[in-house]
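Visitor:
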Amino acid sequence: MDAPQELERTPWWRVPIIAIGVSLIVGVVLLAFSWPAVTADPHDLPIGVVASAEQLDQISDNVDEQSEGAIALTEYEDRDAAVTAIEEREVYGAVVLPAEQGEAPEVLIATAASPAVAQLLQGLASEQQAQIDAQIRATVEENLATMQQSFAEKVAAAIQAAVQAALSGQTPQMPGDDADAAPITIPVVTVEVTDVVPLADTDPRGAGLSAAMFPMVIGGMIGGIALTLAVKGGGLRRVVGVAIYAPAAGLLIAGILQGAYGALQGSYWLNASAIALAIAAISSTITGLAGLIGPAGVGLGAAFMMLVANPLSAAAVPVEFIAAPWGAFGQWLPPGAAATLIRDLSYFPAADATFPWLVLATWTVVGLALTLVDLPARRLAAGETAAEHPLTV
40 MDAPQELERT PWWRVPIIAI GVSLIVGVVL LAFSWPAVTA DPHDLPIGVV ASAEQLDQIS
100 DNVDEQSEGA IALTEYEDRD AAVTAIEERE VYGAVVLPAE QGEAPEVLIA TAASPAVAQL
160 LQGLASEQQA QIDAQIRATV EENLATMQQS FAEKVAAAIQ AAVQAALSGQ TPQMPGDDAD
220 AAPITIPVVT VEVTDVVPLA DTDPRGAGLS AAMFPMVIGG MIGGIALTLA VKGGGLRRVV
280 GVAIYAPAAG LLIAGILQGA YGALQGSYWL NASAIALAIA AISSTITGLA GLIGPAGVGL
340 GAAFMMLVAN PLSAAAVPVE FIAAPWGAFG QWLPPGAAAT LIRDLSYFPA ADATFPWLVL
400 ATWTVVGLAL TLVDLPARRL AAGETAAEHP LTV
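Using our numbering, the first residue of the sequence shown is number 40, and each one after it goes up by one.
1. Compute the Euclidean distance between the alpha carbons of serine 352 and methionine 345, then round it to the nearest angstrom.
2. Can you check DSSP and say which residues form a bridge with glutamate 145?
3. Thinking threonine 403 and serine 312 are a contact (beta carbons under 8 Å), I'd like their distance in whole angstroms, please.
4. Can isoleucine 98 be considered in contact with the ligand MG, in the sense that its beta carbon sits closer than 8 Å to one or more heavy atoms?
5. When you compare only the Cα positions, how much space is there between alanine 426 and isoleucine 64?
6. Can at least three beta-carbon pairs, one atom from the segment 371-390 and one from the segment 299-314, be found at a separation below 8 Å?
7. Following the continuous beta strand (DSSP E) through glycine 87, name the residue where it begins and the one where it ends.
8. Which same chain residues end up closer than 7 Å to tryptophan 396 when comparing Cβ atoms and leaving out the 5 residues on each side of it in sequence?
9. Specify the secondary structure class of leucine 309 as computed by DSSP and reduced to three states.
10. Where does the unbroken alpha helix (DSSP H) through glutamate 126 begin, and where does it stop?
11. Using the rule of at least 16 other Cβ atoms within 10 Å of the residue's Cβ for burial, across every protein chain shown, is glutamate 359 buried or exposed?
12. Count the other CB atoms within 10 Å of the CB of asparagine 101; is the residue buried (16 or more) or exposed (fewer)?
13. Using DSSP with H/G/I as helix, E/B as strand and the rest coil, what is alanine 433?
14. Helix or strand or just coil, what does DSSP make of glutamate 114?
15. CB asparagine 349 to CB valine 279, shorter than 9 Å?
16. Taking buried to mean at least 16 other C-beta atoms within 10 Å of its own C-beta, is proline 429 buried or exposed?
17. Rounded to whole angstroms, how far is the Cβ of alanine 152 from the Cβ of tyrosine 131, which I believe are closer than 8 Å?
18. What's the C-alpha gap between glycine 87 and valine 412?
19. Measure the alpha-carbon distance for glycine 340 versus methionine 252 and round it to whole angstroms.
20. From Ala354, Gly333, Gly369 and Pro364, pick the residue whose C-alpha is nearest to that of phenylalanine 343; which is it?
21. Starting from the C-beta of alanine 169, find all residues in its chain whose C-beta is less than 7 Å away, skip the five residues before and the five after it, and write them out in chain order.
22. Write down every uninterrupted run of the alpha helix (DSSP H) in the segment 254-311 whose length is 4 residues or greater and which is fully enclosed by it, in chain order.
23. Under three-state DSSP, which class holds phenylalanine 387?
24. Output the boundary residues of the alpha helix (DSSP H) element that contains tryptophan 365.
25. List the endpoints of the continuous alpha helix (DSSP H) containing threonine 49.
26. Verify whether the separation of the beta carbon atoms of threonine 401 and glycine 336 is less than 9 Å.
27. May I ask you to report which of helix, strand or coil DSSP gives valine 130?
28. Closest to leucine 399 by C-alpha separation, out of Ala389, Thr410, Gly375 and Asp391, would be which residue?
29. Label isoleucine 59 either buried or exposed according to how many other C-beta atoms from any shown protein chain fall within 10 Å of its C-beta, with 16 as the threshold for buried.
30. On the criterion of 16 or more Cβ atoms from any shown chain inside 10 Å, does aspartate 242 qualify as buried, or is it exposed?
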């Protein structure tokens, strides 16, 4: 009878090392996901302004003093130009100052671009309204004081004339109503807030649009990991797998987000294509790294997409809220490019979406090319062993 095999036991000295190592991984995950939100602070937010030269100098000085670099003003010739800039995502909003005194200023916002920035601009409109109300109140009080003083002087003069008439034996004329006095008018000036690109009624807070990124990232990771581990026999099979998986997942995710939840707007087919390309970019990156360095590439690619690319995607906050240069860097990664592209397709069809399309296409092509290379399989075919290349074979 064969002796029972002894169960493999982890040495005691390794147990605390493994436990501490896992806890450190949890800390890294927490930092990766919380850092962009905790450190979110606006800087150089592009905001348009329509104003005269004198008004522009004044508002620029005020913005520089109060915003501390949070806002970068861009001058536009008129309101129509500012609206066009908002629709093309050149600016998040604009302030239109009146050309003549007594007219109301207008604040243009785009809730679909960023609810956070729209709220910031609405706060600016409230501040402008408070300043205008204070100016009107001061003007009315000054006019009232002037009118009261004028009326008192007229009454005193009339009384003096009546006394003199009585002393001279004439019938005194008492002062009557001053029909010629101009009535006090209180002007009403209300700062208008116009939402140029509002969110859809089916997603009034934009939560669905922001949440749409997570299933895309997870979907891309699942596809890359599953195709790498489940599909054997060379890189070409994995390339075909990505080519089938990405469109199928894109059609399904777009159908749920747009058809069931109403989180996406615009053309379903364009949205599905964008999601499919985003999933292909993420999946092919993982299969490509596996084709370059072997099984270690799966973990490396998944960790990079989840812990680096996803937090920097600016899906929930504007790019300008993420500390420089990481916000701009995130737009060169698949999740960031996908977040921008999906928002453009849903709400900003006039915006130039060439850059995010190219970013996603580049990651996809490079990833698929590396998948085809499949260095681990080539090394095995050449007779090299796992001992010679422990990470790649």
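Ideal Cβ placement from N, Cα and C applies to all residues, glycine included.
Guide: Once the coordinates are examined:
1. Rounded to whole angstroms, serine 352 to methionine 345 spans 10 Å at the Cα level.
2. Beta bridge pairing from DSSP links glutamate 145 with Val135 and Glu231.
3. In this structure, threonine 403 and serine 312 do not form a Cβ contact; the two beta carbons are roughly 12 Å apart against a cut-off of 8 Å.
4. Looking at this structure, you won't find the ligand MG or any other ligand, since it has none at all.
5. Interpretation of alanine 426 is limited by its pLDDT of 47, a score under 50 that renders its predicted location unreliable; the figure taken from the coordinates is listed afterwards. Going from the Cα of alanine 426 to the Cα of isoleucine 64 covers about 28 Å.
6. With a cut-off of 8 Å, the segment 299-314 and the segment 371-390 count as touching, because enough Cβ pairs lie within range.
7. Under the DSSP assignment, glycine 87 falls in the beta strand (DSSP E) whose first and last residues are 84-89.
8. Residues of the same chain with a CB within less than 7 Å of the CB of tryptophan 396, apart from the 5 flanking positions on each side, are Leu380 in chain order.
9. DSSP, reduced to helix, strand and coil, places leucine 309 within a helical segment of the structure shown.
10. Where glutamate 126 is concerned, the enclosing alpha helix (DSSP H) stretches over 118-126.
11. By the neighbour-count rule (16 or more Cβ atoms within 10 Å), glutamate 359 is buried.
12. Burial check for asparagine 101: the Cβ neighbour count within 10 Å stays below 16, so the residue is exposed.
13. In the structure as shown, the chain begins at 40 and stops at 432. Residue 433 is therefore absent and cannot be evaluated.
14. Under the three-state reduction of DSSP, glutamate 114 is assigned to strand.
15. The beta carbons of asparagine 349 and valine 279 sit no closer together than 9 Å.
16. Below a pLDDT of 50, predicted positions are generally treated as unreliable, and proline 429, at 44, falls in that range; the measurement from the model is reported next regardless. Proline 429 counts as exposed, since fewer than 16 other C-beta atoms from the protein chains shown sit within 10 angstroms of its C-beta.
17. Right, their Cβ atoms sit about 5 Å apart.
18. If you take the alpha carbons of glycine 87 and valine 412, they lie about 49 Å apart.
19. Answer to the nearest angstrom: the Cα atoms are 17 Å apart.
20. Out of Ala354, Gly333, Gly369 and Pro364, Gly369 has the C-alpha closest to the C-alpha of phenylalanine 343.
21. There are no such residues.
22. Fully enclosed alpha helix (DSSP H) runs of 4 or longer: 274-293.
23. The answer is coil: DSSP assigns phenylalanine 387 none of H, G, I, E or B.
24. Boundaries of the alpha helix (DSSP H) harbouring tryptophan 365: 365-369, taken from the DSSP string.
25. Counting along the chain, threonine 49 sits inside no alpha helix (DSSP H), nor does DSSP assign it H or E at all.
26. For threonine 401 and glycine 336, no; Cβs fall outside 9 Å.
27. Three-state DSSP puts valine 130 in coil, outside helix and strand.
28. The residue with the shortest Cα to Cα distance from leucine 399 is Gly375.
29. So isoleucine 59 counts as exposed.
30. Classification for aspartate 242: buried.
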